[in-house]
Amino acid sequence: AYTASVKSARYTPHEYPQIHDDILSSLMAGQLNYHEKEQCVRYPNWNSVSYSLEFSFYDWTIAEMAKAAGDMDAYEEFKARSYNSLKHWDAKAGNADGTGFFVPTELKEGDPCALKYASTDFDPYKSDAFYYTEGNAWQWQWAFMQDLDKLTEIMGGTQGLNDKLNNLFTADPNGGEAHQDKTGYIGQYVHGNEHSHNVIY
(Lines of atoms letter the chains of each structure in order from A and count residues from 1; the text may use other names and numbers.)
(Lines give C-alpha, C1' and ligand atoms only; values in the text may rest on other atoms or scores of the structure.)
Protein backbone atom coordinates (compact mmCIF):
# COMPACT_ATOMS: atom_id res chain seq x y z
CA ALA A 1 0.00 0.00 0.00
CA TYR A 2 2.84 2.37 0.84
CA THR A 3 4.65 1.74 -2.45
CA ALA A 4 1.43 2.28 -4.40
CA SER A 5 0.74 5.51 -2.50
CA VAL A 6 4.16 6.93 -3.31
CA LYS A 7 3.92 5.88 -6.96
CA SER A 8 0.49 7.45 -7.44
CA ALA A 9 1.61 10.70 -5.79
CA ARG A 10 4.17 11.39 -8.51
CA TYR A 11 2.95 12.63 -11.88
CA THR A 12 4.20 9.94 -14.26
CA PRO A 13 1.40 9.20 -16.76
CA HIS A 14 3.96 8.09 -19.36
CA GLU A 15 4.55 4.99 -17.25
CA TYR A 16 1.02 3.76 -17.92
CA PRO A 17 0.57 3.56 -21.72
CA GLN A 18 -1.89 0.70 -21.29
CA ILE A 19 -4.42 2.94 -19.51
CA HIS A 20 -6.74 5.02 -21.69
CA ASP A 21 -6.15 8.77 -21.34
CA ASP A 22 -9.71 9.44 -20.15
CA ILE A 23 -9.28 6.99 -17.29
CA LEU A 24 -5.71 7.98 -16.51
CA SER A 25 -6.66 11.65 -16.24
CA SER A 26 -9.04 10.70 -13.43
CA LEU A 27 -6.55 8.44 -11.67
CA MET A 28 -3.63 10.86 -12.05
CA ALA A 29 -5.09 14.31 -12.49
CA GLY A 30 -3.03 16.84 -14.40
CA GLN A 31 -3.27 19.19 -11.42
CA LEU A 32 -0.82 16.86 -9.65
CA ASN A 33 1.90 17.89 -12.09
CA TYR A 34 1.54 21.53 -11.01
CA HIS A 35 1.44 20.62 -7.32
CA GLU A 36 4.59 18.55 -7.67
CA LYS A 37 6.62 20.82 -9.96
CA GLU A 38 5.41 24.33 -9.07
CA GLN A 39 4.28 23.88 -5.44
CA CYS A 40 0.83 25.26 -6.18
CA VAL A 41 -2.07 24.42 -8.50
CA ARG A 42 -2.63 27.55 -10.50
CA TYR A 43 -5.56 28.89 -12.47
CA PRO A 44 -6.91 27.91 -14.99
CA ASN A 45 -6.70 24.38 -13.62
CA TRP A 46 -10.11 23.06 -12.64
CA ASN A 47 -10.76 23.23 -8.84
CA SER A 48 -7.24 24.58 -8.47
CA VAL A 49 -7.25 25.67 -4.81
CA SER A 50 -9.13 22.58 -3.69
CA TYR A 51 -6.72 20.28 -5.50
CA SER A 52 -3.76 22.01 -3.87
CA LEU A 53 -5.23 21.61 -0.40
CA GLU A 54 -6.19 17.98 -0.98
CA PHE A 55 -2.85 17.01 -2.53
CA SER A 56 -1.06 18.59 0.43
CA PHE A 57 -3.12 16.57 2.88
CA TYR A 58 -2.50 13.37 0.91
CA ASP A 59 1.22 14.14 0.97
CA TRP A 60 1.12 14.40 4.75
CA THR A 61 -0.51 10.98 5.01
CA ILE A 62 2.18 9.51 2.72
CA ALA A 63 4.88 11.19 4.81
CA GLU A 64 3.49 9.51 7.91
CA MET A 65 3.48 6.15 6.13
CA ALA A 66 7.06 6.73 4.97
CA LYS A 67 8.18 7.50 8.52
CA ALA A 68 6.55 4.32 9.79
CA ALA A 69 8.27 2.38 7.00
CA GLY A 70 11.64 3.91 7.84
CA ASP A 71 11.94 5.62 4.45
CA MET A 72 13.17 8.97 5.70
CA ASP A 73 14.05 10.36 2.26
CA ALA A 74 10.43 9.94 1.17
CA TYR A 75 9.28 11.26 4.53
CA GLU A 76 11.20 14.51 4.04
CA GLU A 77 10.00 14.83 0.43
CA PHE A 78 6.32 14.40 1.18
CA LYS A 79 6.43 16.31 4.45
CA ALA A 80 7.76 19.31 2.52
CA ARG A 81 5.12 18.86 -0.17
CA SER A 82 2.38 18.80 2.47
CA TYR A 83 2.94 22.55 2.92
CA ASN A 84 2.63 23.44 -0.78
CA SER A 85 -0.94 24.65 -0.40
CA LEU A 86 0.26 27.47 1.85
CA LYS A 87 1.32 29.17 -1.40
CA HIS A 88 -2.40 29.85 -1.84
CA TRP A 89 -2.81 31.60 1.52
CA ASP A 90 -3.45 35.34 1.51
CA ALA A 91 -3.81 36.73 5.02
CA LYS A 92 -5.37 39.96 3.70
CA ALA A 93 -7.86 38.50 1.21
CA GLY A 94 -11.52 39.00 1.98
CA ASN A 95 -13.86 41.73 3.11
CA ALA A 96 -15.55 43.15 6.20
CA ASP A 97 -17.04 39.74 7.03
CA GLY A 98 -13.61 38.15 7.35
CA THR A 99 -10.09 38.08 5.95
CA GLY A 100 -7.48 35.40 5.36
CA PHE A 101 -8.31 32.71 2.81
CA PHE A 102 -6.77 30.14 0.48
CA VAL A 103 -7.04 31.88 -2.88
CA PRO A 104 -6.35 31.10 -6.56
CA THR A 105 -2.91 31.68 -8.04
CA GLU A 106 -1.82 32.21 -11.62
CA LEU A 107 1.36 32.60 -13.66
CA LYS A 108 2.60 36.20 -13.51
CA GLU A 109 6.07 37.38 -14.55
CA GLY A 110 7.45 33.87 -14.25
CA ASP A 111 5.93 33.17 -10.83
CA PRO A 112 3.41 30.28 -11.14
CA CYS A 113 2.14 30.91 -7.62
CA ALA A 114 1.41 34.63 -7.88
CA LEU A 115 -1.92 35.56 -6.32
CA LYS A 116 -4.56 35.95 -9.01
CA TYR A 117 -6.38 38.78 -7.23
CA ALA A 118 -5.33 41.78 -5.24
CA SER A 119 -6.37 41.06 -1.66
CA THR A 120 -9.14 43.65 -1.69
CA ASP A 121 -10.57 42.32 -4.97
CA PHE A 122 -11.02 38.75 -3.78
CA ASP A 123 -14.58 37.66 -2.98
CA PRO A 124 -14.62 34.73 -0.50
CA TYR A 125 -18.31 34.13 -1.24
CA LYS A 126 -17.70 33.35 -4.91
CA SER A 127 -18.25 29.72 -5.93
CA ASP A 128 -16.07 29.25 -8.98
CA ALA A 129 -15.35 25.71 -10.20
CA PHE A 130 -11.93 26.81 -11.44
CA TYR A 131 -11.03 27.58 -7.82
CA TYR A 132 -13.05 25.40 -5.44
CA THR A 133 -14.85 22.08 -5.56
CA GLU A 134 -18.52 22.48 -4.60
CA GLY A 135 -17.82 25.41 -2.33
CA ASN A 136 -16.05 28.70 -1.79
CA ALA A 137 -13.18 30.15 0.23
CA TRP A 138 -15.24 30.17 3.42
CA GLN A 139 -15.63 26.41 3.43
CA TRP A 140 -12.18 25.55 2.06
CA GLN A 141 -10.22 27.71 4.53
CA TRP A 142 -10.36 24.81 7.00
CA ALA A 143 -8.93 22.13 4.68
CA PHE A 144 -5.33 22.51 5.91
CA MET A 145 -5.88 19.75 8.46
CA GLN A 146 -2.41 18.20 8.57
CA ASP A 147 -0.85 20.84 10.81
CA LEU A 148 -3.38 22.58 13.03
CA ASP A 149 -0.65 24.57 14.78
CA LYS A 150 0.35 26.02 11.41
CA LEU A 151 -3.28 26.72 10.52
CA THR A 152 -3.68 28.52 13.84
CA GLU A 153 -0.52 30.52 13.15
CA ILE A 154 -1.55 31.73 9.69
CA MET A 155 -5.00 32.62 11.00
CA GLY A 156 -3.46 34.95 13.57
CA GLY A 157 -2.99 32.71 16.59
CA THR A 158 -5.62 31.17 18.84
CA GLN A 159 -7.72 34.32 19.01
CA GLY A 160 -7.52 34.78 15.26
CA LEU A 161 -8.64 31.21 14.68
CA ASN A 162 -11.50 31.63 17.14
CA ASP A 163 -12.56 34.82 15.39
CA LYS A 164 -12.49 33.13 11.99
CA LEU A 165 -14.53 30.22 13.30
CA ASN A 166 -17.09 32.64 14.69
CA ASN A 167 -17.10 34.56 11.40
CA LEU A 168 -17.81 31.32 9.53
CA PHE A 169 -21.05 30.84 11.44
CA THR A 170 -22.11 34.50 11.34
CA ALA A 171 -21.21 35.33 7.72
CA ASP A 172 -24.03 36.12 5.31
CA PRO A 173 -25.63 32.78 4.32
CA ASN A 174 -26.95 34.39 1.15
CA GLY A 175 -23.59 35.77 0.04
CA GLY A 176 -22.47 34.70 -3.41
CA GLU A 177 -24.37 32.74 -6.00
CA ALA A 178 -26.32 29.58 -5.19
CA HIS A 179 -24.63 26.22 -5.75
CA GLN A 180 -26.50 22.95 -6.17
CA ASP A 181 -24.23 21.11 -3.71
CA LYS A 182 -24.37 23.69 -0.93
CA THR A 183 -27.27 23.31 1.49
CA GLY A 184 -27.90 23.58 5.22
CA TYR A 185 -26.30 26.98 5.69
CA ILE A 186 -25.39 28.31 9.12
CA GLY A 187 -23.62 31.46 8.07
CA GLN A 188 -21.12 30.07 5.55
CA TYR A 189 -20.86 26.74 7.35
CA VAL A 190 -22.61 24.36 4.94
CA HIS A 191 -23.79 21.27 6.77
CA GLY A 192 -25.19 19.75 3.58
CA ASN A 193 -21.79 19.15 2.00
CA GLU A 194 -18.55 17.45 3.00
CA HIS A 195 -16.23 20.46 3.12
CA SER A 196 -17.77 21.73 6.34
CA HIS A 197 -18.19 18.45 8.22
CA ASN A 198 -14.71 18.44 9.77
CA VAL A 199 -14.72 22.07 10.87
CA ILE A 200 -16.53 21.93 14.20
CA TYR A 201 -14.39 19.03 15.33
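Take the sequence shown: its position 23, counting from 1, is numbered 23 in the numbering used here, and each next residue is one higher. Using N, Cα and C, we set each Cβ at its ideal position, and we do this for glycine too.
Asked	Found
Limits of the alpha helix (DSSP H) - the one that Phe169 falls within	Gly157 to Thr170
Rounded straight-line distance, which links the Cα of Ile62 to that of Gln146	11 angstroms
Where Trp89 sits in the DSSP three-state scheme	strand
Contact the region 15-26 vs the region 104-111: 3+ CB pairs below 8 angstroms	no
Through-space distance from Asn84 to Glu177, alpha-carbon basis	29 angstroms
Check whether Trp140 and Tyr125 have beta carbons under 8 angstroms apart	no
Best match in Ala171, Glu194 and Lys79 for proximity to Tyr58 [C-alpha to C-alpha]	Lys79
For Ala114, the first and last residue of its enclosing beta strand (DSSP E)	Asp111 to Leu115
C-beta contact flag for Cys45 and Tyr34 at 8 angstroms	Residue identity check: residue 45 is Asn in the sequence provided, not Cys. In contact: Asn45 and Tyr34 (Cβ atoms closer than 8 angstroms).
Beta strand (DSSP E) segments (min. 3 residues) lying fully within the region 17-63	none
Strand pairing of Thr105, partner residues [DSSP]	Leu115
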